[in-house]
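Just so you know, the sequences run in chain order A and B. Position 401 (the first sequence) corresponds to 403 in our numbering; numbering is contiguous. Position 356 (the second sequence) corresponds to 358 in our numbering; numbering is contiguous. Heads up, the beta-carbon is just placed ideally off N, CA and C, and yes, glycines get one too. Just so you know, these numbers come straight off a predicted model, no measurement behind them. Everything on this sheet refers to the single structure shown next.
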Amino acid sequence: MTAGTLLLEARHVTQRFRLPNGQLLEALRDVSLSVCQNEVVALVGPSGCGKSTLLRLFAGLARPADGAVLYRGQPLEGVLGAAAMVFQSFALLPWLTVAENVAMGLEARGVDGPARRDAVARAVNLVGLDGFEQAYPKELSGGMKQRVGFARALAVAPEIMLMDEPFGALDPLTAENLRSQVVDLWRDPATGVNTLVVVTHSVEEAVFLAGRIVVFGSNPGHVREELENPLPYPRQERSPEFEDMVDRLHAILTATLLPEPAPAAPQRLVPFPRVHVSEVTGLLDHLLTRPGGKGPVFELAEDLGVDYDRMSAVVRGAEQLGWVTTPGEVVQLTQAGRDVMAMDDAAHKDATRARLAKQPLFARLVAMLKESEGAVEDEEVLADLTIYFPFIPADSLFGTIVEWGRYAELLAHDADAGRLSLLGLPDGTSEARSEA
Amino acid sequence: MKLLRFPPALAPPDVRRLGLADVAILCLLGGAIAAVVAFAREFEAPFSQAVAIDLRFSALPRYTLYSLARGVLALLISYLFALSFGWTAAKSRAAERLLLPLLDILQSIPVLGFLPGLVLGLMSLFPTRNVGLELAAILMIFTAQAWNLALSFYNSLKSLPEPLREACQVAGWRASRTFWQLEVPAAAQGLVWNGMLSMAGGWFFLMVNEAFRLGDHDYRLPGIGSYMSVALDRGDSTAAFLAILAMVVMIVCVDQLLWRPLVVWVEKFRLDDTAGGGPAPSSWVLDFLRRAWLPRRAALLQRRAYRRARRAARQLERPFRAVGPVIWQAPRFAFDHPLARKLGFGLLFAAIGAAALLGARSLWLLLTQLGARDWGALASSAALTFARVMAAVVVSTVWALPAGVWIGRSPRLARALQPVIQVVASFPAPMLFPLVILLFERIGVGLGLGAVALMVLAGQWYILFNVISAVAAIPEQLKDAADAFRLPRLARWRALYLPAAFPALVTGWVTAAGGAWNGSIVAEYIEAGGTLRTTKGLGSLISEATAHANFPLLAGGIALMSLIVVGWNRLVWRSLMQWAQARFGLAA
C-alpha cells in the first residue's frame with residue numbers, strides 16, 4: 003500500500019501535567035509528527051517519554067498546552083470521530099456483554115437497528131469471537147478481552163486506529179498471535195481500516211508492525227528520530243533483514259537511553275536513576291556469568307526478562323557507581339565492579355558508601371546534611387529535588403535516595419518524624435582498603 | 003453430534019407457568035399500591051397538629067408502613083441529591099473545593115437542631131394541609147441519610163479508571179449516556195452499601211421526627227415513632243414493647259426484601275474482575291424472583307410494546323425530524339459548551355454563596371441576642387457533654403474492640419453474625435433510651451451517668467463494624483506467619499490484630515463520637531413514664547431550647563456543638579487518622 007493523503011498532524015505540540023504534589027511535569031516539548039493514509043506508524047521510547055500522551059492528543063481526548071493537532075488540515079475539535087482506540091487495559095465495561103461493548107461506538111455514529119447488529123456481527127467475526135457475543139468480559143481471558151477491544155474499534159470502521167500498547171498486558175504467546183492478526187486485518191481491504199498508530203514498548207513489535215518507527219526521548223518527551231521500515235509484509239521475525247532492522251533500532255534507542263556523558267561540566271548534578279540496590283547487584287551478578295563480563299544492553303534485558311528502559315536505568319545506576327562502562331550499546335563490567343562482587347556484605351556496603359559519596363547528587367546531599375548538623379527535614383530535600391529535576395517526580399527519586407543511603411549505611415531516615423540524617427561520614431579509605 | 007448442539011439443560015424460558023413466586027410478586031405489588039394510596043391520603047389530609055395515636059395493636063402495621071414510606075421517600079431524595087452533588091463535585095474543580103468541605107461539615111453537625119426551623123418554614127408554605135409537617139419529617143430523615151451517599155458517589159467517580167472514561171469518549175457517548183452507563187453502574191456497589199447504612203441512620207431520630215414539642219405546640223404525625231412516644235407518655239409498656247417489635251420486624255423485612263437482593267444484584271457491577279474474598283453473597287429473595295415467570299414475561303411484553311410503539315411513532319416522528327435537532331440543540335449546547343457550563347456553575351455558586359451569606363446573617367442576629375450568662379451556661383454544658391462523649395467512646399472501645407477482633411478473626415463467625423449485628427445496629431437506639439433509663443433508676447443510677455450509657459448505645463456499633471471488617475481483611479499469610487512462629491496469644495494481639503485494626507478503629511471513633519454527640523440531644527433530655535428527666539449538658543440545653551421555643555439559645559447550642567464537632571474532627575481525628583494510615587496501613 004502506498005502512503006496517501008496527510009491525515010493527522012501534530013505541529014510543535016507541547017503538553018504539561020500537574021502532578022498530585024503540585025509539581026508541573028512537561029510530558030511533551032515541541033513535538034511535530036504527521037500520519038498519512040495507509041501508514042502504520044509505531045511510537046517507541048522509554049516509559050514517560052510522552053508517546054501515550056501524543057496518542058491521546060491525536061484521539062482528541064486532550065488538548066495540547068501549546069501547538070496544534072490537525073486532522074486533514076483542520077484543527078481538532080473534541081474527540082476525533084474518524085478514529086477508534088484500543089487500550090492496554092482493554093477498558094471494557096464489565097456490566098455490558100461482548101456484543102454491547104462492541105456496539106459502544108455505533109450509536110453515536112448513527113448506526114441503528116439491523117445495521118448495528120450487522121456491524122457488531124462483522125466485527126466479532128473479524129476477531130474470531132463468534133459465539134461469545136453474550137459473554138461478559140470477566141468470563142474471558144486477557145487475549146479474548148483484547149479481541150473485544152479490537153472488535154469495538156473495528157465495528158465503527160474507523161479511518162484511523164489508535165492503539166496504546168495493545169499487547170502490553172498480554173502474555174507473550176497471546177500477544178504474538180494477536181499481533182499477526184492485526185497485520186492481517188490491516189492488509190485485508192474488507193476491514194476498511196488502513197491507517198494505524200501504535201504505541202509500543204517492544205522493539206520487535208514496532209519492527210513487525212510498522213512502516214515508520216518514531217523514537218521518542220524523555221525528560222521532556224521529544225521526537226528523537228524517525229526510521230522508515232521498508233520490509234515487505236508479512237514479516238519474518240527470524241529473517242536477517244528483520245534482525246538488522248531490530249539492531250538498528252536498538253542502536254538508536256541505546257543512544258537515547260544511555261547518552262554519552264558530556265565531558266564538559268563534570269560536576270553537573272545528575273539524578274540517580276530510580277533503581278533498587280538488588281537490581282544493580284543482579285546486573286553485576288549476571289555480567290559475571292557472561293564471557294568477558296559484557297553484553298549488549300538489549301540482550302541483557304532479554305536474558306533477565308525486564309523492559310529495555312528498565313534495564314538501561316539499572317545500567318546507568320551501575321555506571322554512575324563506576325561498576326560498569328557503556329562503550330556504544332555494550333555494557334562492560336569494570337574492575338571495581340568485579341571487586342565489589344567479590345567482597346563480603348560489610349565490605350560491599352563500605353564500597354557502595356564510598357562510591358555513593360562521589361555521585362554528585364549524593365555528594366550534594368551529604369554536604370547539605372553536614373551544613374545542618376547531620377539532619378534535615380524531608381520537605382527541604384523534596385523541595386530541592388523538585389527544583390533540580392523538574393521532570394522527575396520528587397517523591398519517587400527521594401525513595402531511591404533513601405533506599406541507597408540506608409543500604410550503604412550513609413543515611414538514616416525517620417519516616418515518622420520526616421527527617422533525613424547522616425550516618426557514616428564517608429572517609430574514602432574503606433574502598434581503598436578493600437581494593438588493596 | 004446433535005446432542006452437543008442441544009444441551010439438555012437448555013429449556014426455553016417460557017415453559018414455566020405462574021408459580022408461587024408470581025403470586026408473591028402480585029401480592030407485594032398490590033400491597034405496595036395500597037400503601038402508596040394510604041400514604042398519599044395522609045399527605046393530603048387537612049392539617050391537624052397532633053393526630054390522635056391509636057395504641058391498639060391492630061393500628062400498628064399501618065403506622066409502621068407510614069414510617070417506612072417516609073424513610074423510603076427520604077432515601078429516594080437522598081439518592082437524587084447524592085447523584086447531582088457527587089457529579090458536580092467530581093466534574094468541576096471549583097465546585098469540588100467548595101462542596102467537599104461543606105459536605106464534611108454537614109455530615110458532622112447535629113441535624114436535629116434544624117427541625118424547628120424546617121417545621122415552621124414548611125408549615126407556613128402549606129398552612130392547611132399535612133404536607134408541610136410530613137415534608138419536614140422526610141427532610142429530617144434525608145439530612146441523616148444523604149451525606150455518606152454523596153461522598154460515596156463522589157469517591158467512585160474520582161477513582162474511575164481513566165481508560166474507561168476515554169473509551170466512552172472515543173465511542174462518542176454523550177455526557178448523559180456516560181453518566182447512566184458508566185458512572186452510575188461503577189458506583190452502584192458503593193451506593194447500595196451506603197444506602198443500607200443511610201437507611202439505618204435515618205431511623206435514629208424517628209421518635210423525635212414524628213412527635214416533638216415546639217413551644218406550646220405539640221406536633222405529631224402518625225407513625226411508629228409517635229406510637230412509641232405516646233405509649234411512653236401513657237406508661238403503656240405493652241404498647242412500647244409492641245412498637246419495638248414492629249420496628250425490628252420492619253428492619254428485618256427491609257433488609258431481606260430490599261437490601262439483600264440489591265447487594266447480590268450489584269455484584270454484577272464490580273469493576274475489578276477478581277471476586278472479593280469468601281463466597282459470593284446470596285439472597286433468597288433474589289433467587290426467588292429470578293425463578294419467577296412474571297417479571298420475565300413482563301420484560302418481554304414491555305420490549306414488544308416498546309418496539310411496536312417505536313414503529314408507530316416513526317410515522318409521526320417524520321415531520322419532527324427537521325425540528326427535533328433544533329429543539330435538542332439548546333440543552334445539549336448548555337451541557338457541552340464550556341462557556342455555558344461555566345455560566346451554569348457560576349450561577350450555582352452565586353446561589354450557594356447568597357444562601358450562605360443570608361444564613362450567616364440570620365445566625366448572627368440570633369446569637370447577638372444571647373447574654374454573657376447564656377454563653378457561660380453554653381460553655382459549661384458543652385464541657386459536660388464533651389466529657390460524656392469521650393467517656394462513651396472509651397466505654398464503647400473497651401467492649402467493641404476485643405469483641406470485634408474476636409469476631410473478625412474467624413471468617414465463619416463474622417459471616418454468621420454479620421446479618422444479626424446489622425439488624426441490631428439498624429435499630430434506632432433512642433427508642434430504647436426511656437426503657438434503659440427506667441431500668442437505671444431502679445438500680446439507682448442518675449441520668450448524668452446514664453446519658454453516657456445511652457450515648458454508648460448510639461455509637462458503639464460503628465466501632466464494632468469497623469474493627470470486624472479490618473480484622474477480617476488481614477491477609478491470610480500474616481495469620482499463617484503468626485501460627486508458624488507460634489506467637490503467644492498476647493503477642494499476637496499486640497503485633498497483629500491491634501495494629502491491623504487501628505486505622506479502622508480510628509474511623510470507628512470518628513463516627514461513634516458523631517453518633518454520641520447526636521445522641522446527646524435525646525439522651526440528656528428524656529420523657530419516660532410520663533415524667534421528664536434532664537441532666538445538664540449541651541444536648542439537654544438544645545432540647546430544652548426547642549421545647550421552650552427559645553430560638554437564640556437553640557441557635558447558640560447548635561452552633562457551638564457544630565463548632566466543637568467540626569473542630570475536633572479537623573484537629574484531632576484527622577491527624578490521628580493520617581498517622582494511623584501511614585503507620586499501620588496494610589497497603590503500604
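Problem set entry | Cut-off 6 Å between Cβ atoms - residues of its own chain near residue 430/B, not counting five sequence neighbours on either side | 205, 206, 208
Exercise. Does any residue of chain A bring its CB to less than 8 Å from the CB of residue 575/B?
Worked result: no
Exercise. Mind checking whether residue 77/A and residue 15/A have CB atoms under 8 Å apart?
Worked result: No; because the gap between Cβ atoms is not below 8 Å, this pair is not in contact.
Exercise. Since residue 476/B contacts residue 502/B with CB under 8 Å, what's their CB separation in whole angstroms?
Worked result: Contact flag correct, Cβ pair sits at about 5 Å.
Exercise. Got a sec, what are the start and stop residues for the alpha helix (DSSP H) residue 322/A sits in?
Worked result: 310 to 322
For this session: Using a Cβ-Cβ cut-off of less than 8 Å, list which residues of the stretch 440 to 454 of chain B approach chain A; keep chain order.
Result: none
Problem set entry | Check whether residue 362/A and residue 277/A have beta carbons under 8 Å apart | Residue 362/A places its beta carbon 8 Å or farther from that of residue 277/A.
Problem set entry | Three or more C-beta pairs below 8 Å linking the stretch 212 to 229 of chain A and the stretch 46 to 64 of chain A | yes
Exercise. Residue 366/B: buried (16+ other C-beta within 10 angstroms of its C-beta) or exposed?
Worked result: exposed
Exercise. Candidates 493/B, 440/B, 428/B: which alpha carbon is nearest residue 463/B's?
Worked result: 428/B
Problem set entry | 7 Å Cβ cut-off: residues of chain B touching residue 83/A | 174
Exercise. Does residue 143/A have its Cβ less than 8 Å from a Cβ in chain B?
Worked result: Chain B contact via Cβ: absent.
Exercise. Given a limit of 9 Å on CB to CB distance, which residues of the stretch 167 to 197 of chain B reach chain A?
Worked result: 167, 168, 169, 170, 171, 172, 173, 174, 175, 176, 179, 183, 184, 187, 188, 190
For this session: Decide yes or no for the touch test of the stretch 177 to 197 of chain B against the stretch 145 to 160 of chain B: beta carbon pairs closer than 8 Å, at least 3 of them.
Result: yes
Exercise. If you draw a straight line from the C-alpha of residue 26/A to the C-alpha of residue 402/A, how long is it?
Worked result: 21 Å
Exercise. Would residue 91/A count as contacting chain D if we go by Cβ distances under 8 Å?
Worked result: Here chain D cannot be found, since the structure's protein chains are A and B.
Problem set entry | Exposed unless 16 or more other CB atoms sit within 10 angstroms - verdict on residue 445/B | exposed
For this session: For the beta strand (DSSP E) containing residue 88/A, list its first residue and its last residue.
Result: From DSSP, the beta strand (DSSP E) with residue 88/A extends over 85 to 88.
For this session: Kindly identify the DSSP beta-bridge partner or partners of residue 219/A.
Result: Beta-bridge pairing links residue 219/A to 224/A.
For this session: Pick helix, strand or coil for residue 185/A, following the three-state DSSP scheme.
Result: helix
Problem set entry | C-alpha gap between residue 69/B and residue 418/B, whole angstroms | 29 Å
For this session: Pick helix, strand or coil for residue 129/B, following the three-state DSSP scheme.
Result: coil
Problem set entry | Cα-Cα separation between residue 433/B and residue 538/B, rounded to whole angstroms | Straight-line Cα distance between these residues: approximately 21 Å.
Problem set entry | Close Cβ partners of residue 140/A (< 8 Å) along its chain, the five nearest in sequence each way excluded | 96
For this session: Can you give me the start and stop residues for the beta strand (DSSP E) that residue 219/B sits inside?
Result: 219 to 222
Exercise. How about residue 528/B and residue 115/B: do their beta carbons lie closer than 8 Å?
Worked result: no
Problem set entry | Residues of its chain near residue 227/B, where Cβ-Cβ distance is below 7 Å and the 5 sequence neighbours each way are ignored | 69, 208, 209, 211, 212, 213
Exercise. So which residues on chain B does residue 149/A lean against when the C-beta distance must stay under 7 Å?
Worked result: Going along chain B, no residue has its Cβ under 7 Å from residue 149/A, so there is no contact; the nearest lies around 15 Å.
For this session: Please go through the same chain and pick out, in chain order, the residues whose beta-carbon is closer than 8 Å to the beta-carbon of residue 438/B, but skip the five residues on each side of it.
Result: Here residue 438/B has 452, 455, 456, 459 as same chain residues with Cβ atoms under 8 Å from its own Cβ, once five neighbours each way along the sequence are excluded.
Problem set entry | Reduced DSSP secondary structure (H/G/I, E/B, other) of residue 345/A | coil
For this session: State the beta-bridge partners of residue 197/A as determined by DSSP.
Result: Residue 197/A is bridged to 162/A.
Exercise. Shortest alpha-carbon distance to residue 20/A belongs to which of 396/A, 423/A, 419/A?
Worked result: Measuring from the Cα of residue 20/A, the nearest candidate turns out to be 396/A.
Exercise. Chain B beta carbons: is any one of them nearer than 8 Å to that of residue 107/A?
Worked result: yes
Exercise. Three or more beta-carbon pairs under 8 Å between the stretch 170 to 180 of chain A and the stretch 141 to 150 of chain A, yes or no?
Worked result: yes
Exercise. What residues in its chain sit with their C-beta under 6 Å from that of residue 510/B, if we drop five residues either side in the sequence?
Worked result: 464, 465, 468
Exercise. What are the boundary residues of the alpha helix (DSSP H) that includes residue 380/A?
Worked result: Per DSSP, residue 380/A belongs to the alpha helix (DSSP H) from 380 to 390.
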